[in-house]
Amino acid sequence: MLTLFPYSTINRSKKTVININKKQIILSKYPDIELKKQTDTLKLKIHNSNLNKDEILIEAFATIKEAIQRSLKITLFDVQILGGIILNNNSIAEMKTGEGKTLAALLPAYLNCLMGKGVHIITVNDYLAERDANLAKIVFSYVNIQIGIITQKTPLNKRKDEYQKDITYITNSELGFDYLKDNMAIHQNNIIQRDFYYAIIDEVDSILIDEARTPLIISGVTEANNKFYQDAQNLCKLLHNKIHYKIDEKSKNIILTEQGIAYCEELLKINNLYDINTPWIKYIINGLKAKELFLKNRDYIIKNKQVVIVDEFTGRIMEGRRWSDGLHQSIEAKENINIESENKTLASITYQNLFLLYQKLSGMTGTAKTEENEFLNIYKMDVISVPTNKKCLRKDLSDLVYKNEYNKWEAIAKECMDMYNIGRPTLIGTTSIQKSELLSQMLKEMNIPHNLLNAKPENVSKEAETILQAGKKGSITISTNMAGRGTDIILGDHTTNIVKQILEQYKSTQYSKLNKYQRIETILNQDELKVLFNTIKHQNHKITEKQLTQLENNYDIKIQTIYTKLVNQCQTYSKEEKKEILTLGGLYVIGTERHESRRIDNQLRGRSGRQGDKGSSRFFLSLEDNLFRIFGGKTIENLVTKLNIDDTVPIESILLTKSLNSAQKKVEAYFYDIRKQLYEYDEVINNQRKAIYNERKKILKSASTRDCIIEYAECTIQEMLKIYTKTKRKERTLRQIIQILNIKIEARDLLSMNINQMQNYINEQFRISYDLKEIYLEQLRPGLIRQLEKYYLLQQIDKAWQEHIDKINLLKEYIGWRSYGQQDPIIEYKNEAFHLFINMIMNIRQTVVYLMMRSRLIIDL
Numbered sequence: 001m002l003t004l005f006p007y008s009t010i011n012r013s014k015k016t017v018i019n020i021n022k023k024q025i026i027l028s029k030y031p032d033i034e035l036k037k038q039t040d041t042l043k044l045k046i047h048n049s050n051l052n053k054d055e056i057l058i059e060a061f062a063t064i065k066e067a068i069q070r071s072l073k074i075t076l077f078d079v080q081i082l083g084g085i086i087l088n089n090n091s092i093a094e095m096k097t098g099e100g101k102t103l104a105a106l107l108p109a110y111l112n113c114l115m116g117k118g119v120h121i122i123t124v125n126d127y128l129a130e131r132d133a134n135l136a137k138i139v140f141s142y143v144n145i146q147i148g149i150i151t152q153k154t155p156l157n158k159r160k161d162e163y164q165k166d167i168t169y170i171t172n173s174e175l176g177f178d179y180l181k182d183n184m185a186i187h188q189n190n191i192i193q194r195d196f197y198y199a200i201i202d203e204v205d206s207i208l209i210d211e212a213r214t215p216l217i218i219s220g221v222t223e224a225n226n227k228f229y230q231d232a233q234n235l236c237k238l239l240h241n242k243i244h245y246k247i248d249e250k251s252k253n254i255i256l257t258e259q260g261i262a263y264c265e266e267l268l269k270i271n272n273l274y275d276i277n278t279p280w281i282k283y284i285i286n287g288l289k290a291k292e293l294f295l296k297n298r299d300y301i302i303k304n305k306q307v308v309i310v311d312e313f314t315g316r317i318m319e320g321r322r323w324s325d326g327l328h329q330s331i332e333a334k335e336n337i338n339i340e341s342e343n344k345t346l347a348s349i350t351y352q353n354l355f356l357l358y359q360k361l362s363g364m365t366g367t368a369k370t371e372e373n374e375f376l377n378i379y380k381m382d383v384i385s386v387p388t389n390k391k392c393l394r395k396d397l398s399d400l401v402y403k404n405e406y407n408k409w410e411a412i413a414k415e416c417m418d419m420y421n422i423g424r425p426t427l428i429g430t431t432s433i434q435k436s437e438l439l440s441q442m443l444k445e446m447n448i449p450h451n452l453l454n455a456k457p458e459n460v461s462k463e464a465e466t467i468l469q470a471g472k473k474g475s476i477t478i479s480t481n482m483a484g485r486g487t488d489i490i491l492g493d494h495t496t497n498i499v500k501q502i503l504e505q506y507k508s509t510q511y512s513k514l515n516k517y518q519r520i521e522t523i524l525n526q527d528e529l530k531v532l533f534n535t536i537k538h539q540n541h542k543i544t545e546k547q548l549t550q551l552e553n554n555y556d557i558k559i560q561t562i563y564t565k566l567v568n569q570c571q572t573y574s575k576e577e578k579k580e581i582l583t584l585g586g587l588y589v590i591g592t593e594r595h596e597s598r599r600i601d602n603q604l605r606g607r608s609g610r611q612g613d614k615g616s617s618r619f620f621l622s623l624e625d626n627l628f629r630i631f632g633g634k635t636i637e638n639l640v641t642k643l644n645i646d647d648t649v650p651i652e653s654i655l656l657t658k659s660l661n662s663a664q665k666k667v668e669a670y671f672y673d674i675r676k677q678l679y680e681y682d683e684v685i686n687n688q689r690k691a692i693y694n695e696r697k698k699i700l701k702s703a704s705t706r707d708c709i710i711e712y713a714e715c716t717i718q719e720m721l722k723i724y725t726k727t728k729r730k731e732r733t734l735r736q737i738i739q740i741l742n743i744k745i746e747a748r749d750l751l752s753m754n755i756n757q758m759q760n761y762i763n764e765q766f767r768i769s770y771d772l773k774e775i776y777l778e779q780l781r782p783g784l785i786r787q788l789e790k791y792y793l794l795q796q797i798d799k800a801w802q803e804h805i806d807k808i809n810l811l812k813e814y815i816g817w818r819s820y821g822q823q824d825p826i827i828e829y830k831n832e833a834f835h836l837f838i839n840m841i842m843n844i845r846q847t848v849v850y851l852m853m854r855s856r857l858i859i860d861l
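Per UniProt numbering, the sequence shown starts with residue 1, numbered consecutively.
This is the structure in structure tokens:
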């Protein structure tokens, strides 16, 4: 049971957890058919407005706890129920690795799906979405709840059905792109999503913090200026760091020096590199970024002759993603591969604003406390740390700091050898593919067997198996970034899984043409089984030849019998091995570089010490690491110089650790300021986006768009008459109004009227003209005018919005210069963005009215 913890939310929930457990005991006596009826019973209770919401929560959570018990034979811990309560309260549950977040999320998902509005459980990749959805299907089959799943593979024609399910598992990127596509749809039937109601975000810090700076963009292809990219690349090879340009690694930016600008102008034979009519500056800056800041096997890999981005936080490849504003093309030019066409932004949204569309939002992760201010200020979510089910026994050892990087890697390799010799499983976290391969090569030279997990395709395919075996005795595993992997490292040998794979293979159709004995013999000759037999024989567990030959008769029963024996033997062996590993100290985690965020370091550490297991972690660092070099400042360098220690001797200093922690806090604060500024800027475009998307939805859902056209025309008349009152060229303005509206009146006839009479008269004339046009078109083809109205409305809204996005992006780029004129850039940005938006709306109205009034129907005879 839960003990009393110094958290008010947890203390308040203690009684609720006790009541849930009591209710579950009652439900445990229900037959399966009665448990399934619980969903309908609870739905009826929810619609009873007089019912206490806490009572519904208790009964709903107890129902799912019982469903999990029956389907998975797992009894939820009290801390998992507590995590579910926190999620239901629109907060973030910080639950350590191995504490069962996946199952905890099922509790609030069930409760909220009873409202009939749909629940989204959002994960960081397709693998986790599929794994968690398959688990949920097993559990929710006991309570008659439908589970949907959407990944990159889900075809468009099935997505709408998946969104209509009670609970839908989906990746953050698919959710965002579907939202943007829905708001570009030209017919109501093409809209696949429901209104956003409740979301549970897995790895919430990864999605809402790490990816907050990167907007989701739907692009259209424009013509590629390949020559500019190639010429800029050749030019960049002639430019030298600190002479022609300076690198700002903090902001990942490059600034040309005066000498660099003059040199570029001389080579390109132009007078002003920054002339608005000269395109070169964009290509040169991108070329230098590609040269200095975006490195192969760190920021991207080459796969099938294409540049594929590597996620800096998870180490995963991001298929289909491209850097914007020509950067991707510059990297393609650098790698001398085919330069793909540039993209034009058609629609975009940041994750910050996407998830704020939900009525209810919650999240879960192992590490969020360091960013709790950001979660509270931007997303209005509290971060509540859930106590572990068993006390964490992991020891986080002090950092070892070496003077140079070479000595650091040498020390790590020696540490790996020591761990391998004693048989202690070790996980080494690296920050890039390049570094992981460097260490792998060093271990190969030392003849140390190890597994490598990074973004390269040959390693990704073995990811789940590699992580599963990382807790095995003597296992050495090198991995680039462990955030969001979604698979626990469990201590002990897990050859049970290999046995299961072999049984599935045995049942597969590829062996159906063989006779019974050949099928069995083929299975038993697989490499995996040989490894399994060798493992078991090594532990003095033997399977006799007699057992194998008996398989010829009743082979199905026999193979199942041997399978059961193998599983039991493997499980026994795994438990024995786990005891041995714990005596050695448990899983040992080695960090090879401190990340910019303490949270990412904590995620790596959190792989050890799962569910009360022993474990330890240590970071091996060097003064040449990025964090020291870029953010550490002179303090650390001066300290090390004073100590005057030999290069091969590590420094272990409290003062040094404090300086490093201070550097990390500075970096976190720096990037928080960037995200906060991005949020402030994007809030402006977000409000405009909402207005445009609401207008589109209104048009799509409208049975008759006539009223919309009339409204657009009357607003246009009103706006242009305001110009009329201020201009000296009054007759010219009136002629413009008449031209747009295409009405048969003379401008000079209006000059004698006052402004109100003029407005009423023009409105009346427009309505008469529009009525005549409608009668004419309806006679030619019934329903045509409604189709034309909808077509022109959506076409012009989309076209104007895309042009507006381009203008807003340009505005963002140059608005910062206003600060030199003692003006606040964000206030200036808001003002100018507002005026751009008003002008866009006016332009949409005028163009739609003009096109409608001048449209003609041509009929071939």
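Ideal placement from N, C-alpha and C gives every residue a C-beta, glycine not left out.
Those residues which DSSP pairs with residue i across a bridge
i: E94; result: T365 and S385
i: A347; result: I218
i: H120; result: T168 and A199
i: Y588; result: T426 and S616
i: S622; result: Y402
i: G148; result: T168
i: D132; result: Paired residues: none, contrary to the question.
i: Y245; result: N241 and L256
Where residue i falls, given that 16 or more other Cβ within 10 Å makes a residue buried
i: L532; result: Its pLDDT being 46, under 50, L532 is placed unreliably by the model, and nothing is read from it.
i: I20; result: buried
i: L128; result: buried
i: P215; result: buried
i: S512; result: Confidence at S512 is low in this model, with a pLDDT of 46, below 50, so its placement is unreliable and the value that follows should be read with caution. Per the 10 Å Cβ criterion, exposed.
i: D132; result: buried
i: Y693; result: buried
i: P425; result: buried
i: D806; result: exposed
i: G471; result: buried
i: T365; result: buried
i: S616; result: buried
i: A669; result: exposed
i: S28; result: exposed
i: N481; result: buried
Alpha-carbon spacing of residue i relative to residue j, whole angstroms
i: Q739; j: R781; result: 26 Å
i: L427; j: I476; result: 6 Å
i: E746; j: E778; result: 28 Å
i: T583; j: G320; result: 46 Å
i: K282; j: I254; result: 11 Å
i: R706; j: R786; result: 7 Å
i: I121; j: F196; result: 12 Å
i: L491; j: D210; result: 30 Å
i: S608; j: G586; result: 8 Å
i: Q823; j: Y681; result: 16 Å
i: Y724; j: T847; result: 19 Å
i: R194; j: T572; result: 49 Å
Whole alpha helix (DSSP H) elements within the segment 273-330, 4-residue minimum: 280-292
Contact the segment 101-111 vs the segment 51-65: 3+ CB pairs below 8 Å: yes
At least three beta-carbon pairs within less than 8 Å, the segment 291-311 to the segment 428-445: yes
Stretch pair the segment 323-332 + the segment 151-162: three plus CB contacts closer than 8 Å: no
Alpha helix (DSSP H) runs contained entirely in the segment 794-825, provided each spans 4 or more residues: none
Cβ contact (3+ pairs, closer than 8 Å) linking the segment 418-426 and the segment 669-676: No: fewer than three Cβ pairs fall under 8 Å.
At least three beta-carbon pairs within less than 8 Å, the segment 346-361 to the segment 71-86: Remark: fewer than three beta-carbon pairs, one from each stretch, lie closer than 8 Å, so the segment 346-361 and the segment 71-86 are not flagged as touching.
Inter-stretch contact at 8 Å, needing at least 3 Cβ pairs: the segment 76-86 / the segment 31-51: no
Cβ contact check for the segment 709-729 and the segment 755-762: 3 or more pairs under 8 Å: yes
Complete runs of the alpha helix (DSSP H) confined to the segment 653-717 [at least 4 residues]: 654-701
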